[in-house]
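Just so we're aligned: the sequence shown equals residues -18 to -1, 1 to 176 in mature numbering (1 follows the signal peptide of the UniProt record, and there is no 0). Each residue gets a CB set at the ideal place from its N, CA and C atoms; glycine is no exception. Single-structure report; data block below.
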Amino acid sequence: MRFPSLVALVSLASCAFAQDVSISDVVTAFNNANIPSVFGINFNPTALLQVTFTRNGQATTFSSGANVPRDATSPIPTFQISGTTDPGPYVIATVDPDGGQFGQVRHFLAGNYQNNNGALTNTSQPITAWFQPSPGAGNPAHRYVFWAYKQSPDFNQQRLVTAQTFIGNWNLSSFASQTGLGNPVAASFMLVRQ
């Protein structure tokens, strides 16, 4: 009777302390999950992106491809970048490519992130506020992909996406091309089910 609870606790604890440590492992995880091909993105990262959710004092950091409990994903995530000293600014986009009839669903989009000794911080409002993962009940786990791009000089003038823009049927690679973001410098992803 206690065994399932112990397994759940151990799974949550491992999720809370795991993080990516190798760019090649991240690339392998992305390729195994078909993420670059689904997004049509040339994925050759030069840095590691760490994503952390802190809820009720419990920090959840995950390695790429890890299953993350949905209730752990309710707060706005924080980000760290390692493997680069570039101060930024950076753009962070979170996208679910498994949105079914809604195509790629944008769960977060914000610019002006500065690299402060590895912590990515910003003081501006996000373009798309954090939208907690909500795959339909009974659906397989969805892939939620966090992309970090070096921000282009004119990014803050873009109007392709605003706070009022529908979050579904979005094309990240087209957006990145049209706004001069180029290829992502770092990324991570998690699997979430209802």
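For Q160, the number of other beta carbons within 10 angstroms of its own is below 16, and it is reported as exposed. Following the DSSP letters along the chain, one finds D7 inside the alpha helix (DSSP H) bounded by residues I5 to N14. The C-beta distance from F171 to S46 rounds to 5 Å, short enough to meet the 8 Å contact threshold. Taking 3 residues as the minimum length, the beta strand (DSSP E) runs contained wholly in the segment 120 to 160 are 124 to 132, in order along the chain.
DSSP, reduced to helix, strand and coil, places R37 within a strand of the structure shown. Annotated three-state conformation of I17 is helix, per DSSP. DSSP places D78 in the uninterrupted beta strand (DSSP E) bounded by Y72 to D78. Selection P117, G100 and V8 evaluated against Q83 yields P117 as nearest (Cα-Cα). When Cβ pairs closer than 8 Å are counted between the two stretches, the segment 22 to 36 is seen to touch the segment 1 to 14, the count reaching three or more. Our two residues, I17 and Q139, have alpha carbons roughly 29 Å apart in a direct line. Residue state for G164 is assigned as coil, using DSSP reduced to three classes. By DSSP's assignment, A169 forms a beta bridge with W129. Nearest to I23 by alpha-carbon distance, out of P166, V174, R175 and Q176, is P166. Collapsing the DSSP output to three states places A48 in a strand. Pairwise C-beta distances place the segment 145 to 153 in contact with the segment 84 to 96, as three or more of them are shorter than 8 Å. Of the candidates P69, N49, A119 and A158, the residue whose Cα lies closest to the Cα of W129 is A158. In the DSSP assignment, no residue is bridged to Q1.
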